[in-house]
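This report refers to the structure that appears directly beneath it.
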Amino acid sequence: MAEQTFPGWHGTTILAVRRGGEVVVAGDGQVSLGQTVIKGSARKVRRIGASGREVVAGFAGSTADAFTLLERLEKKLEAAPDQLTRACVELAKDWRMDKYLRNLEAMLIVTDGDDLLVITGAGDVLEPEYDVAAIGSGGNFAEAAARGLMETEMSAEEIARKAMAIAASICVYTNGNLTVESIRK
């Protein structure tokens, strides 16, 4: 009997752009199973509260896994208010060391308006070099477009929306149904 393989879930392009004291996080709404679009309006960018200071987070990967990580991040932020980098490093350490957490399949982009970070299950907490970060199936397309648009006079939101439209026109796992959140320092 041939081994059946479950087609992978694909979808999600999350892009963050920092410009002029503002950080914009945009995420598309597509979730695909193999070659089939399962949902076109998923909301993968959210605000999370942390001791009175808001954080905007976008996630790619398994939704349940991402929500687990976001809940853990909120707890880390409660323990270290106004210290997003420290909370993210603590989350990444737990993610690598905890038997349950290390099996979670998701990536996060988080910002408090000051810091902009990408967190991975490999234990990475990365700050983008060019004020642009992207994750997910169409992340490379969106990041390349946004980096090119950073040379224009466009606002952070205009760059994010235009770059996501470019990614959606190239990546079959990305659509134009956006959730956009912004935060200022």
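For the sequence shown, the numbering used here begins at 898 and goes up steadily by one. Heads up, the beta-carbon is just placed ideally off N, CA and C, and yes, glycines get one too. Small disclaimer: the values here were computed from a predicted structure and weren't measured.
- A contact is defined here as three or more CB-CB pairs under 8 Å, and the stretch 934-941 fails this definition with respect to the stretch 1012-1019.
- With respect to the 9 Å criterion, Thr-1076 and Ala-963 are not classified as neighbours on the basis of their beta carbons.
- Ala-1064 places its beta carbon less than 9 Å from that of Thr-910.
- Closest in C-alpha terms to Ala-1041, from the list Glu-1024, Gly-931, Ala-1062, comes Ala-1062.
- Here DSSP, grouped into helix, strand and coil, assigns Ala-923 to strand.
- Three or more Cβ pairs drawn from the stretch 992-1002 and the stretch 950-969 lie within less than 8 Å of each other, which places the two stretches in contact.
- Annotation for Thr-933: the continuous beta strand (DSSP E) segment containing it runs 933-936.
- Per DSSP, the continuous alpha helix (DSSP H) segment holding Leu-988 begins and ends at 981-994.
- Judged by DSSP in its simplified three-state form, Glu-951 adopts strand.
- Here Ala-1060 is not near Ile-1006, since their CB atoms are 9 Å or more apart.
- In the DSSP assignment, Leu-970 falls outside any beta strand (DSSP E) and within the unbroken alpha helix (DSSP H) covering 960-976.
- Within the stretch 1030-1067, complete alpha helix (DSSP H) segments of at least 4 residues are found at 1036-1046, 1053-1067, given in chain order.
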